[in-house]
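Q:
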Amino acid sequence: MSRPTPAPATGAKPKLKTSAMIASIAGEGQRTKAAPFGNALVELGKSREDIVGLTADLAKYTDLHIFAKAYPDRFYQMGMAEQLLMGAASGLAHEGFTPFVTTYAVFASRRAYDFVHQTIAEENRNVKIVCALPGLTSGYGPSHQAAEDLALFRAMPNLMVIDPCDAHEIEQAVPAIAAHNGPVYMRLLRGNVPLVLDEYDYSFELGKAKLLRDGADVLVVSSGIMTMRALEVATMLERDKVDVAVLHVPTIKPLDTATILREAGRSGRLVVVAENHTVIGGLGEAVAGALLRAGVHPPFRQIGLPDEFLDAGALPTLHDRYGISANAMAASIKGWLG
Amino acid sequence: MTTTAIGHNTHLAERAYRIRRNALLMGEVQGQGYIGQALDIADVLAVSYFHAMRYRPAEPEWEGRDRFMLSNGHYAIALYAALIEAGIIPQEELETYGSDDSRLPMSGMASYTPGMEMSGGSLGLGLSLAVGRCLGLKRKGSDARVYTLFSDGELDEGSVWEAILSAAHWKLDNLIAIVDVNNQQADGPSTQVMAFEPLTDKLAAFGWFVQRVDGNDLDAVVAAFDAAKSCPDPKPRMIVCDTKMGKGVPFLEAREKNHFIRVDAHEWQLALDALDAGRTA
Ligand SMILES: Cc1ncc(C[n+]2csc(CCOP(=O)(O)OP(=O)(O)O)c2C)c(N)n1
Ligand SMILES: [Mg+2]
Numbered sequence: 002m003s004r005p006t007p008a009p010a011t012g013a014k015p016k017l018k019t020s021a022m023i024a025s026i027a028g029e030g031q032r033t034k035a036a037p038f039g040n041a042l043v044e045l046g047k048s049r050e051d052i053v054g055l056t057a058d059l060a061k062y063t064d065l066h067i068f069a070k071a072y073p074d075r076f077y078q079m080g081m082a083e084q085l086l087m088g089a090a091s092g093l094a095h096e097g098f099t100p101f102v103t104t105y106a107v108f109a110s111r112r113a114y115d116f117v118h119q120t121i122a123e124e125n126r127n128v129k130i131v132c133a134l135p136g137l138t139s140g141y142g143p144s145h146q147a148a149e150d151l152a153l154f155r156a157m158p159n160l161m162v163i164d165p166c167d168a169h170e171i172e173q174a175v176p177a178i179a180a181h182n183g184p185v186y187m188r189l190l191r192g193n194v195p196l197v198l199d200e201y202d203y204s205f206e207l208g209k210a211k212l213l214r215d216g217a218d219v220l221v222v223s224s225g226i227m228t229m230r231a232l233e234v235a236t237m238l239e240r241d242k243v244d245v246a247v248l249h250v251p252t253i254k255p256l257d258t259a260t261i262l263r264e265a266g267r268s269g270r271l272v273v274v275a276e277n278h279t280v281i282g283g284l285g286e287a288v289a290g291a292l293l294r295a296g297v298h299p300p301f302r303q304i305g306l307p308d309e310f311l312d313a314g315a316l317p318t319l320h321d322r323y324g325i326s327a328n329a330m331a332a333s334i335k336g337w338l339g
Numbered sequence: 064m065t066t067t068a069i070g071h072n073t074h075l076a077e078r079a080y081r082i083r084r085n086a087l088l089m090g091e092v093q094g095q096g097y098i099g100q101a102l103d104i105a106d107v108l109a110v111s112y113f114h115a116m117r118y119r120p121a122e123p124e125w126e127g128r129d130r131f132m133l134s135n136g137h138y139a140i141a142l143y144a145a146l147i148e149a150g151i152i153p154q155e156e157l158e159t160y161g162s163d164d165s166r167l168p169m170s171g172m173a174s175y176t177p178g179m180e181m182s183g184g185s186l187g188l189g190l191s192l193a194v195g196r197c198l199g200l201k202r203k204g205s206d207a208r209v210y211t212l213f214s215d216g217e218l219d220e221g222s223v224w225e226a227i228l229s230a231a232h233w234k235l236d237n238l239i240a241i242v243d244v245n246n247q248q249a250d251g252p253s254t255q256v257m258a259f260e261p262l263t264d265k266l267a268a269f270g271w272f273v274q275r276v277d278g279n280d281l282d283a284v285v286a287a288f289d290a291a292k293s294c295p296d297p298k299p300r301m302i303v304c305d306t307k308m309g310k311g312v313p314f315l316e317a318r319e320k321n322h323f324i325r326v327d328a329h330e331w332q333l334a335l336d337a338l339d340a341g342r343t344a
């Protein structure tokens, strides 16, 4: 049942095409900022002594090690035990603290789902679950590709779900989710994180979708890194005289239905929802449901990961293969416009 | 010698050397890989594949084979190195390691690779799967054994202890579990990340036949596998292997301990040279 023997490698060594676990999502020459989450949490920790940090053997890989270094007595290493991580965070929250817990998105959503559901969401505890490797941001294969985290967590009552785009947004989202009294799941970009939204006069507001650029032909509704891609695609398509608007929706739940209906209701535009997530149960279907319920029926398309276990491989290869690279996205949109 | 072996185990030392060499060659292809772990576990794999286990290289899914379950999927580079040495994967395929569309992805998955019995990557799954394989083999009346390798970081996962409880409950004497205590996990030394000692006492208290050996001492590893196979008790068997990351390449052994040991581009050849030097010494 294994795969066919591949043709032998020819020519230069294929070094760049690696199925590494942690690959940078920053494009070449792109502006980045180091560890926006870890640094923002340290900053916030100065005034919020109730904030504690917990991880399941992934502090270094979620930038929480920066918080651990700044406040060693407010950091709990729980070992590689994601279920324990969630239960213990709930307990700390019950005693009045505000835990920020980190692991990879796959392990929070899959390994620890019932623990999040029962101990955090059902009890409505003030726990912030912040998870690296969202969607397809690892070349490691399904074990590390969180293609369905948004669907799983959207389905959980009480839980707020955030999918930030870049370093600028993460910095602003950290104090915002801490100020909200209740459980939150936030996707995390770590390491050297792209910096994009600071050029758009943008500020993060919990629960708000924001139009980053207007356009007459296509409305892209997107979250997370797909907003970065959408902005790139909008620039690419200018050359083809296609005018693309980009509506960024970092809060997946609760959804800013009013803004989405207002923008999608403007006539004459193809609506394309783009997400770094399976097309099942994420932003695309959330938006589709909102539109249908309101009787708003624009031409509608989805860009997202297919309903299958994704390959291992180099991220650029995989993003092209599954249609979420800027090039693939631009080609899809042009195809739909005909 | 890179690893100690007296008398008849010298052929295993040669196998272990070649497993290490294959792993370094794969690391060189990608400029990265869990090479510290591959080097620490090479001796255990040599004993598994060239002393303890029953299998047919040309027929990796032969029904009568002993099953080898790699729970710690990030050790795939080490298992590929052993599967190549065992003739289950062709030597040439080594060059595709970690590349797009290769059968040798960085994290081990059953659907990709002949001889890979499970999809790892998400840690803490192997022992549960092994319990099921053992129950299934017994149910079929098979005398095949299940070997499962897992890592000390996995000892943190609750699922591992569920399986440990269960294997003893079901008296799975066809299970030989091996835990690699390299005292390393993602955030630091395993014993500091989450204290798990005294490990042997805990496992014995859970009803296992437990041995603890230097996992880089081939004679000791051979003796432990032999004893695990011949033990008459109706108990699952655990071999706790204390290992040294980077074993066999002195400058990697000495490098600051890290879950992902960095090796610079020019160092792969140096590592191969160092390994060769140890072989002839
Ligand atoms: C369930 C799960 N949680 C977290 C991780 C992320 N992770 C990958 S390797 C690792 C360390 C595991 O310990 P060990 O295998 O002993 O590490 P090593 O000896 O290879 O350094 C962690 C936490 C994972 N792969 N699976
Ligand atoms: Mg370890």
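Those protein sequences? They're chains R and B, same order as listed. To convert, take the position in the first sequence, counting from 1, and add 1; that gives this note's numbering. To convert, take the position in the second sequence, counting from 1, and add 63; that gives this note's numbering. Ideal placement from N, C-alpha and C gives every residue a C-beta, glycine not left out. Predicted model only: the values in this text are computed from it and were never measured.
#1: Find the nearest neighbour of M257(B) within the set G80(R), L293(R), F154(R) and G88(R), judged by alpha-carbon distance.
#2: Which partner residues of H137(B) appear in the DSSP bridge assignment?
#3: Any idea what DSSP makes of L186(B), helix, strand or coil?
#4: Per DSSP, what kind of secondary structure is K16(R) in: helix, strand or coil?
#5: Near A35(R), which residues of its chain fall below 6 Å by C-beta distance, leaving aside the five closest residues on each side in sequence?
#6: Express the C-alpha separation of I98(B) and E91(B) in angstroms, rounding to a whole number.
#7: Here's the rule I'm using: 16 or more other beta-carbon atoms within 10 Å means buried, otherwise exposed. How should E330(B) be labelled?
#8: Across which residues does DSSP place V222(R) in a beta bridge pair?
#9: Using 10 angstroms around the beta-carbon of P135(R), count the other beta-carbons present and answer buried if the total reaches 16, otherwise exposed.
#10: By DSSP, does A147(R) sit in helix, in strand, or in coil?
#11: Taking the beta carbon of N182(R) as the centre, do at least 16 other beta carbons fall within 10 Å, making it buried, or is it exposed?
#12: DSSP three-state label for A327(R), please.
#13: Relative to the C-alpha of G94(B), which candidate in E124(B), L142(B), E158(B) and Y80(B) has its C-alpha closest?
#14: Tell me D243(B)'s beta-bridge partners as DSSP assigns them.
#15: Enumerate, from N- to C-terminal direction, the unbroken beta strand (DSSP E) stretches of 3 or more residues contained entirely within the region 84-122 of chain R.
#16: Between T63(R) and M87(R), which are expected to be in contact by the criterion C-beta below 8 Å, what is the C-beta distance as a whole number of angstroms?
#17: Just to check, is the beta-carbon of G184(B) closer than 6 Å to a non-hydrogen atom of ligand 2?
#18: By Cβ distance, which residues of its chain are closer than 7 Å to R318(B), with the 5 residues on each side in sequence left out?
#19: If you draw a straight line from the alpha carbon of R155(R) to that of L235(B), how long is it in whole angstroms?
#20: Please report the distance separating the alpha-carbon of G270(B) from that of G127(B).
#21: Residues in the same chain with beta-carbon distance under 8 Å from S1(R), minus the five sequence neighbours each way, listed in chain order, please.
#22: Using a C-beta cutoff of 7 Å, does D219(B) count as contacting chain R?
#23: How long is the line joining the alpha carbons of L75(B) and D106(B), rounded to whole angstroms?
#24: Should P261(B) go down as buried or exposed, given a rule of 16 or more other Cβ atoms within 10 Å for buried?
#25: Are the CB atoms of E148(B) and I241(B) nearer to each other than 7 Å?
#26: For V242(B), decide whether its Cβ has a neighbour in chain A, counting only Cβ atoms nearer than 7 Å.
#27: For R126(R) and S91(R), what's the separation of their Cα atoms in angstroms?
#28: Please compile the residues from chain B whose C-beta is within a distance smaller than 8 Å of the C-beta of T318(R).
#29: If you draw a straight line from the C-alpha of G290(R) to the C-alpha of G266(R), how long is it?
#30: Look at the alpha carbon of A334(B) and the alpha carbon of N85(B), and state the distance between them as a whole number of angstroms.
#31: Under 7 Å between C-beta atoms, does G12(R) make it to chain B?
#32: With DSSP as the reference, label L213(R) as helix, strand or coil.
#33: Taking Cβ-Cβ distances shorter than 8 Å, what residues in chain B pair up with Q84(R)?
#34: Let me make sure I understand the geometry here. Which of G184(B), R117(B) and Y118(B) has the alpha-carbon closest to that of S214(B)?
#35: Return no unless some Cβ of chain R is closer than 7 Å to the Cβ of D250(B).
A: In terms of the structure at hand:
#1: The residue you call residue 257(B) lines up with position 194 of the second sequence. Out of G80(R), L293(R), F154(R) and G88(R), G80(R) has the C-alpha closest to the C-alpha of M257(B).
#2: Along the second sequence, read from residue 1 onward, the residue named residue 137(B) stands at position 74. Paired residues: none, contrary to the question.
#3: Within the second sequence, numbered from 1, the residue matching residue 186(B) stands at position 123. Of the three classes helix, strand and coil, the one that applies to L186(B) here is coil, per DSSP.
#4: What you label residue 16(R) is simply residue 15 of the first sequence in a count that begins at 1. Per-residue confidence for K16(R) stands at a pLDDT of 46, beneath the threshold of 50, marking its modelled position as unreliable; no derived number is given.
#5: For this step, residue 35(R) is matched to residue 34 along the first sequence. Taken in chain order, the residues that qualify are N193.
#6: For the purposes of this step, residue 91(B) is identified with residue 28 of the second sequence, where counting begins at 1. For the purposes of this step, residue 98(B) is identified with residue 35 of the second sequence, where counting begins at 1. Taking the straight line joining both Cα atoms gives about 10 Å.
#7: The residue labelled residue 330(B) in the question sits at position 267 within the second sequence. Label assigned to E330(B): buried.
#8: The residue given as residue 222(R) occupies position 221 in the first sequence. Its beta-bridge partners are L248(R) and V274(R).
#9: As a working mapping, residue 135(R) is identified with position 134 in the first sequence. P135(R) should be labelled buried.
#10: Position 146 of the first sequence, counting from 1, holds the residue named residue 147(R). Strand, per DSSP.
#11: Walking along the first sequence from the start, residue 182(R) turns up at place 181. Exposed, since its Cβ has fewer than 16 Cβ neighbours within 10 Å.
#12: The count along the first sequence starts at 1 and reaches residue 327(R) at position 326. If DSSP states are grouped into helix, strand and coil, A327(R) belongs with the helices.
#13: Against the second sequence, residue 94(B) aligns to sequence position 31. Cα-wise, what sits closest to G94(B) is E158(B).
#14: The residue labelled residue 243(B) in the question sits at position 180 within the second sequence. Note: D243(B) sits in a beta bridge opposite S214(B) and C304(B).
#15: 99-105
#16: What you label residue 63(R) is simply residue 62 of the first sequence in a count that begins at 1. What you label residue 87(R) is simply residue 86 of the first sequence in a count that begins at 1. Their Cβ separation, rounded to whole angstroms, is 15 Å, which puts T63(R) and M87(R) out of contact at 8 Å.
#17: Looking up residue 184(B) in the second sequence gives position 121. It does not: the Cβ of G184(B) is nowhere closer than 6 Å to a heavy atom of ligand 2.
#18: The count along the second sequence starts at 1 and reaches residue 318(B) at position 255. Closer than 7 Å at Cβ, skipping near neighbours: G309 and I324.
#19: Numbered from 1 along the first sequence, position 154 holds the residue referred to as residue 155(R). Numbered from 1 along the second sequence, position 172 holds the residue referred to as residue 235(B). About 41 Å.
#20: In the second sequence, residue 270(B) corresponds to position 207, counting from 1. In the second sequence, residue 127(B) corresponds to position 64, counting from 1. Their Cα atoms are separated by approximately 28 Å.
#21: The structure shown does not extend to residue 1(R), since chain R is modelled only from 2 through 339, so no value can be given for it.
#22: Reading the second sequence from its first residue, position 156 is the one you call residue 219(B). For D219(B), the answer is yes, since a Cβ of chain R falls inside 7 Å of its Cβ.
#23: The residue you call residue 75(B) lines up with position 12 of the second sequence. The residue you call residue 106(B) lines up with position 43 of the second sequence. Taking the straight line from one Cα to the other gives about 8 Å.
#24: On the second sequence, residue 261(B) is found 198 positions in, with the first residue counted as 1. With fewer than 16 Cβ atoms within 10 Å of its Cβ, P261(B) is classed as exposed.
#25: Along the second sequence, read from residue 1 onward, the residue named residue 148(B) stands at position 85. Along the second sequence, read from residue 1 onward, the residue named residue 241(B) stands at position 178. Taking 7 Å as the Cβ cut-off, E148(B) and I241(B) do not qualify as a contacting pair.
#26: The chain inventory of the structure shown lacks chain A, comprising the protein chains R and B.
#27: Counting from 1 along the first sequence, the entry for residue 126(R) is found at position 125. Counting from 1 along the first sequence, the entry for residue 91(R) is found at position 90. So the two alpha carbons sit approximately 6 Å from each other.
#28: Taking the first residue of the first sequence as position 1, residue 318(R) is located at position 317. Those within 8 Å of T318(R) in chain B are D163.
#29: As a working mapping, residue 290(R) is identified with position 289 in the first sequence. As a working mapping, residue 266(R) is identified with position 265 in the first sequence. Distance between the alpha carbons of G290(R) and G266(R) is about 14 Å.
#30: Locating residue 334(B) in the second sequence gives position 271, where the first residue counts as 1. Locating residue 85(B) in the second sequence gives position 22, where the first residue counts as 1. Cα to Cα, the separation comes out at about 12 Å.
#31: For the purposes of this step, residue 12(R) is identified with residue 11 of the first sequence, where counting begins at 1. Residue confidence for G12(R) is low, a pLDDT of 43 falling below 50, so the modelled location carries little weight; the figure read from the coordinates is stated next. No, G12(R) lies away from the interface with chain B (no Cβ there is under 7 Å from its Cβ).
#32: Position 212 of the first sequence holds residue 213(R). Here L213(R) sits in strand by DSSP.
#33: The sequence position of residue 84(R) within the first sequence is 83, counting from 1. Per Cβ cutoff of 8 Å: G221.
#34: Counted from its first residue, the second sequence places residue 214(B) at position 151. The candidate whose alpha carbon is nearest that of S214(B) is G184(B).
#35: Here residue 250(B) refers to the residue found at position 187 when the second sequence is read from its first residue. It does; some Cβ of chain R falls within 7 Å.
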